[in-house]
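Colleague: In this text, residue positions in the sequence shown follow this note's numbering: the first is 78, and each later residue adds one. Idealized CB from N, CA, C, for every residue including glycine. Please find one structure pasted underneath; my questions will follow.
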Amino acid sequence: MISQHFCRTGVRLCLLLMLSGCVIAAPKPKEERMWMTVGDKRFAITLDDSETARAFAQLLPLTLDMTELNANEKYASLPQRLPARSVRLGTIRNGDLMLYGNDTLVIFYQTFESTYAYTHLGRVDSPDQLVETLGKGNVSVHFSTD
């Protein structure tokens, strides 16, 4: 008898919340943070909650010699292939960390429109200084979890 009462009360409470317009938020996925260091500049990156981002994090720490491309990005081959779920994003944003194909890491330092498909890995939390830090030529970039 008591359990039936609580079940009916719980159902009523849910109905009341729905009718009143209240939304019960689902728990937020855990955000994983990593670091990107270029020279003496250090940038926090929040990784996506995805299989690809977790596979990338397993490679860290990692130092890559990244090549300049199109005055808006740096890229480098990874030591192994990662699971990819490429999509055409349209707008690439300053600070996006992406995977091209299944083994090329790309960090973007300019916002622009693109028809290419990438797997999104994460994003630099404060990308304001990326242009001056990454622009003009190839750079050595260190990725780490601490």
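Expressed to the nearest angstrom, what Euclidean distance is found between the alpha-carbon atoms of T181 and A134?
Modeller: Translated into the one-based positions of the sequence shown, residue 181 becomes position 104. Translated into the one-based positions of the sequence shown, residue 134 becomes position 57. Spanning the two alpha carbons is a distance of roughly 14 Å.
Colleague: Does the region 140 to 154 touch the region 210 to 217, meaning 3 or more C-beta pairs lie closer than 8 Å?
Modeller: Cβ pair count under 8 Å is three or more, so yes.
Colleague: Going by CA-CA distance only, name the one from R165, V164, N179, Q187 that's closest to D173.
Modeller: Mapped onto the sequence shown, residue 173 falls at position 96. Checked all of R165, V164, N179, Q187; the closest Cα to D173 is Q187.
Colleague: Could you tell me the alpha carbon to alpha carbon distance between Q206 and V164, rounded to whole angstroms?
Modeller: Residue numbering aside, residue 206 sits at position 129 when the sequence shown is read from its first letter. Residue numbering aside, residue 164 sits at position 87 when the sequence shown is read from its first letter. About 27 Å.
Colleague: Hey, T129 and R110 are a contact pair by Cβ (cut 8 Å); roughly how many whole angstroms apart?
Modeller: Locating residue 129 in the sequence shown gives position 52, where the first residue counts as 1. Locating residue 110 in the sequence shown gives position 33, where the first residue counts as 1. Not quite, the Cβ-Cβ distance comes to about 16 Å (not below 8 Å), so this is no contact.
Colleague: Give every residue of the same chain whose Cβ lies closer than 7 Å to the Cβ of I169, excluding the five residues on either side of it in the sequence, and list them in chain order.
Modeller: Along the sequence shown, one-based indexing puts residue 169 at 92. Only F185, T188, F189, S191 meet the Cβ criterion.
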